[in-house]
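Q: In our numbering, the protein residues as written are 35 to 181.
The structure that follows is given in the form of structure tokens.
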Amino acid sequence: MIEAFKSTVYNCGVIELGKHHREQGNLTVVENNITIPFEVKRIYYLYDVPGGESRGGHAHKELHQLLIAAGGSFDVIIDDGNVKRTITLNRPYYGLLIVPGIWRELINFSSGATCLVLASEKYDEADYIRDYDIFKLEKLQNRLAVV
Ligand code: TYD
């Protein structure tokens, strides 16, 4: 597991999930500790995001997540307090792994987009850092909780 205060955007990345192609349609599988380096304890999805709206705007202390554009497309800005990267998700057979200690913003949702999120822990508001200045300070001072 990555220590949140040490994580960088380079610890995040797009994972190719693979695709079982049939003439009748495609199927993609995600398996704990095989396709992704954590065990899924929670699944949620964002949908009906109005045009021009953004989601996210926080970091997590311990949570690992895989974000998938199950439908449509959106951009994810990941930020470790030092470097920012923008990743476009627009295929259901790719997932973006986000490790702890990374600020994220989800923007540019296409009409009808669905963002499927696989998460390594149950919901815990105490795991969130919702203030960017605090995030940046904690990151700089290496004070984010060690996982
Ligand atoms: P939040 O994580 O802030 O959404 P986003 O990052 O997509 O903008 O969550 C929005 C609201 O939903 C917040 O009030 C907490 C609630 N929520 C839960 O109750 N359980 C969950 O698993 C999640 C992800 C959010």
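Built from N, CA and C at the ideal position, the CB exists for glycine as well.
#1: Which residue wins for smallest C-alpha separation from L100, given the options K118, I168, K75?
#2: I'd like to know if the stretch 43-61 and the stretch 82-99 are in contact, where contact means that at least 3 CB-CB pairs between them fall below 8 Å.
#3: Give the range of the beta strand (DSSP E) segment to which I168 is assigned.
#4: If you run the structure through DSSP and keep just helix, strand and coil, what is D109?
#5: Using only the alpha-carbon positions, how far apart do V110 and E96 sit?
#6: Using a threshold of 7 Å, is the CB atom of L97 nearer than that to any non-hydrogen atom of the ligand TYD?
#7: Between S88 and L140, how many whole angstroms is the CB-CB distance? I'm expecting something under 8 Å.
A: Let's see:
#1: K75
#2: no
#3: Premise fails: I168 lies in the alpha helix (DSSP H), 166-174, not in any beta strand (DSSP E).
#4: strand
#5: 19 Å
#6: no
#7: 6 Å
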